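The structure appears below as structure tokens.
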Amino acid sequence: MEILKRPPTAKLPEQWFTGDAWADVIYRGEDPSRARANMVRFAPGARTAWHSHGLGQTLYIVEGVALIQARGGRIIEAHPGDVIWTPPSEEHWHGAAPDQFMIHLALWEGDDVDWLEHVTDAEYASPRVSTRTRP
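Quick note: the sequence shown uses this note's numbering, first residue 4, plus one each step.
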């Protein structure tokens, strides 16, 4: 067993995020492990750019309201305790609602993240469906 040293909180780069977001690395596996886990904090209105993960990504919403959208789909409004899975290579974005901070735990494998263009304000403001009212 080993107690891992925790790296400092990192401000996430403008080329991949709109608004302010910070990450705490929880786990970054070393070869042969590809496991990754980050706790990510988004300021109100902050969001990722469109991106995809070669082996998919799981988000666990810890606090606030998360907005998550797959390319071509509706925005999902997710709440604390919700778990969202994006399949391998599915283009998507995620971030905070415009009126409150949001924290999620992001889990994925490997470093094969394909970063794309920023989410436009019009895309961000599109209609949403809530996990609380969705069948």
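By construction, the Cβ of each residue, glycine as well, lies at the ideal position given by its N, Cα and C atoms. Values in this document were obtained by computation on a predicted structure and should not be read as measured data.
Review point. Going by Cα to Cα distance, which pick from I71, P90, V43 is closest to H107?
Key: Start at 1 with the first residue of the sequence shown, and residue 107 comes out as number 104. Nearest C-alpha to H107: V43.
Check your understanding: E120 lies in the alpha helix (DSSP H); which residues open and close that run?
Key -> Locating residue 120 in the sequence shown gives position 117, counting from the first residue. It is not in any alpha helix (DSSP H) - E120 carries neither H nor E in the DSSP assignment.
**Study point:** Which of helix, strand or coil DSSP assigns to A73
**Key:** Numbered from its first residue, the sequence shown carries residue 73 at position 70. A73 falls in the strand class under three-state DSSP.
Review point. With contact counted as at least three CB pairs below 8 Å, one residue from each stretch, are the region 18-34 and the region 83-94 in contact?
Key: No, because fewer than three Cβ pairs between the region 18-34 and the region 83-94 fall closer than 8 Å, the two stretches do not touch.
Check your understanding: Any idea if L62 is buried or exposed, counting beta-carbon neighbours within 10 angstroms, 16 or more meaning buried?
Key -> Numbered from its first residue, the sequence shown carries residue 62 at position 59. Result: buried.
Exercise for review: Under 8 Å by Cβ, that's how I've got G145 and P91 pegged, so tell me the actual separation to the nearest angstrom.
Suggested key: In the structure as shown, the chain starts at 4 and stops at 138, and residue 145 therefore has no counterpart that could be examined.
Exercise for review: Between the Cα of R37 and those of R50, W19, H56, spot the shortest distance and give me the residue it belongs to.
Suggested key: Taking the first residue of the sequence shown as position 1, residue 37 is located at position 34. For R37, the closest C-alpha among the options R50, W19, H56 is that of H56.
Check your understanding: Within this structure, are the beta carbons of I79 and T134 separated by less than 8 Å?
Key -> For this step, residue 79 is matched to residue 76 along the sequence shown. For this step, residue 134 is matched to residue 131 along the sequence shown. Contact: yes.
Review point. First and last residue of the beta strand (DSSP E) that includes T89?
Key: To locate residue 89, count along the sequence shown from 1; it is residue 86. For T89, the enclosing beta strand (DSSP E) has its first and last residue at 86-89.
Exercise for review: For the beta strand (DSSP E) holding F45, just list the boundary residues, first then last.
Suggested key: Mapped onto the sequence shown, residue 45 falls at position 42. Where F45 is concerned, the enclosing beta strand (DSSP E) stretches over 38-45.
Review point. Chain C beta carbons: is any one of them nearer than 8 Å to that of H121?
Key: No chain C is present in this structure, which holds just one protein chain.
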